Amino acid sequence: MGQGRRLTNALIVLVGVLVVGVVGYLLLGFSPLDAVYQTVTTVSTVGFGEVKPLSRLGMAFTIALIMVGVSSALYAFSVLVEGLIEGRINELFGRRRMNHSIASAARTWAW
C-alpha cells in the first residue's frame, strides 16, 4: 500500500474515532458542544477533566476512547513521520544512485 493511501486510511480512522466519541457522549447525555469538547480533550490527552460527572458506563466509554483514540493518533503521526523520513532517504539514495550512473557512463565514454 502506498504512503499516501496509508496516511489517508490513518486519518479516516482518526476522524472515525472522533465521530464515535462525539456520538457516544451524545448518547451519554452531553450537549453537542460538550460532546465535541469532551472527545477532543480525551483523545488529545489534554486531561482537563470531565465536562460533567460520568456514570460507570461513561467511564468505561472514556477509557476505550482514550485507548483507541491515542493509538490511532499515534499511528497517523507515525505514518506521517515515516513518509517524511522515507521520502528524504529515498531522495538521498536516488541522488547517490544517479551520481553513480553518471560516473559509470562518463568512464564508459572516456574509453
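Just so you know, the sequence shown maps onto residues 25 to 135 in my numbering.
Note that CB positions come from ideal geometry on N, CA and C, so glycine has one too.
Treat the numbers as computed from the prediction; the structure is a model and nothing was measured.
For residue i, which option in the options has the closest C-alpha, if you only look at C-alpha atoms?
i: residue 70; options: 31, 46, 61; result: 61
i: residue 48; options: 105, 84, 72, 107; result: 84
Whose C-beta lies closer than 6 Å to the C-beta of residue i among residues of the same chain, with five residues either side of it excluded?
i: residue 45; result: 63, 89
i: residue 58; result: 75
i: residue 41; result: 92, 93, 96
i: residue 52; result: 82
When DSSP labels each residue in this structure, what does residue i get in the three-state scheme?
i: residue 65; result: helix
i: residue 74; result: coil
i: residue 79; result: coil
i: residue 31; result: helix
i: residue 91; result: helix
i: residue 53; result: coil
i: residue 48; result: helix
i: residue 111; result: helix
i: residue 40; result: helix
Leaving out five residues on either side along the sequence, give the residues of the same chain with a beta carbon under 7 Å from the beta carbon of residue i.
i: residue 86; result: 66, 78
i: residue 31; result: 103, 104, 107
i: residue 73; result: none
**Q.** Three CB pairs or more closer than 8 Å across the stretch 28-43 and the stretch 91-101
**A.** yes
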